[in-house]
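Novice:
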Amino acid sequence: MADDIHEKWRRWHVQYGSVFQTVSNPRFRDVMIEPDRAWKWNGPWDRTIYVGEPSIVAKIANQNWPKAPAQYEGFKPLSGNALFAQMDQSRWHQQRKALAPAFGPAVVNAQFSSLKKYLTISVDRLQQYVGLLDKAAVTKQVIDLSLVNVLLTLDFVGEVAFGIDLHAMEQGENCRVMQIFQTVLPELMKCGLFPLRAKVPLLKSTRDMHAAIAELRSMANHAVQKCRENDTPDSKPGKKIFEILAK
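Our numbering puts the first residue of the sequence shown at 3, with every later residue one more than the last.
#1: Roughly how many whole angstroms lie between the Cα atoms of E75 and R178?
#2: Excluding the five sequence neighbours on either side, which residues of its own chain have a C-beta within less than 6 Å of the C-beta of F77, listed in chain order?
#3: Note down, in chain order, each residue of its chain lying with its Cβ closer than 8 Å to the Cβ of L135, except the 5 sequence neighbours on either side.
#4: Between the beta-carbon of L154 and the beta-carbon of L168, is there less than 8 Å?
#5: Should R199 go down as buried or exposed, given a rule of 16 or more other Cβ atoms within 10 Å for buried?
#6: With 16 as the cutoff for other CB atoms within 10 Å, does K192 come out buried or exposed?
#7: Looking at C-alpha atoms only, which residue of I182, F164 and L149 is the closest neighbour of G174?
#8: For the pair the region 209-219 and the region 90-99, tell me if three or more CB-CB distances fall below 8 Å.
#9: According to the neighbour-count rule (16 or more other Cβ atoms, all chains shown, within 10 Å of its Cβ), is T208 buried or exposed?
#10: With distances taken from CA atoms, which of K10, L218 and H95 is nearest F183?
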């Protein structure tokens, strides 16, 4: 996969509408591989296909297609055994059982105080958001709304799932969590196609990905520990969602 694929994807979305990436599958190969479709070889037996035709997109999006076992292996460095659109029923039940405590009534109810606090904080965040738009309009500058939306989301997730304020909106492009994801995600997509790439990290980009993932997990654990500093031995505070999911 070319390093500039994400930039191409952005251009394709503007030019053609929704564009999806998929791997050729014998069940719909005759439909998907057409002369005017863009595809590139990943190896002697696979190809990645970029699809923009509405009828084909509808066929892909309205059916559940199982992921190859190799893809699960490729994404494991970041997600472990996290839940995808699971087609393996035994695996689904195992994951559902593990995830259930994180979304039980007691845990969800315990998040209301965080949500209430965040609603107060979010007023400032939204004012920052609107301020950025106003400034861009007045100065006739281009603003990356995708970036701003990601920063706003990071602040929300930090407060609700981890119990901390990441100050992502204030830090902007200097937000470390966002920088980590910018390092991890492009390489992780390649590892999803070539799982051995993650297991045998010969390339610097792969080693950087592993280091960034380790840093992210360390930050998450530190965030929860920081949140627990005021707990007393006799108190029984509700667990943060991350504390359950991390197991």
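For each residue, glycine too, the CB sits at the ideal point set by N, CA and C. Treat the numbers as computed from the prediction; the structure is a model and nothing was measured.
Specialist: In this structure, then:
#1: Each residue's Cα considered, the two are about 26 Å apart.
#2: G194
#3: I145
#4: no
#5: buried
#6: buried
#7: L149
#8: no
#9: Answer is buried; the Cβ neighbour count reaches 16.
#10: L218
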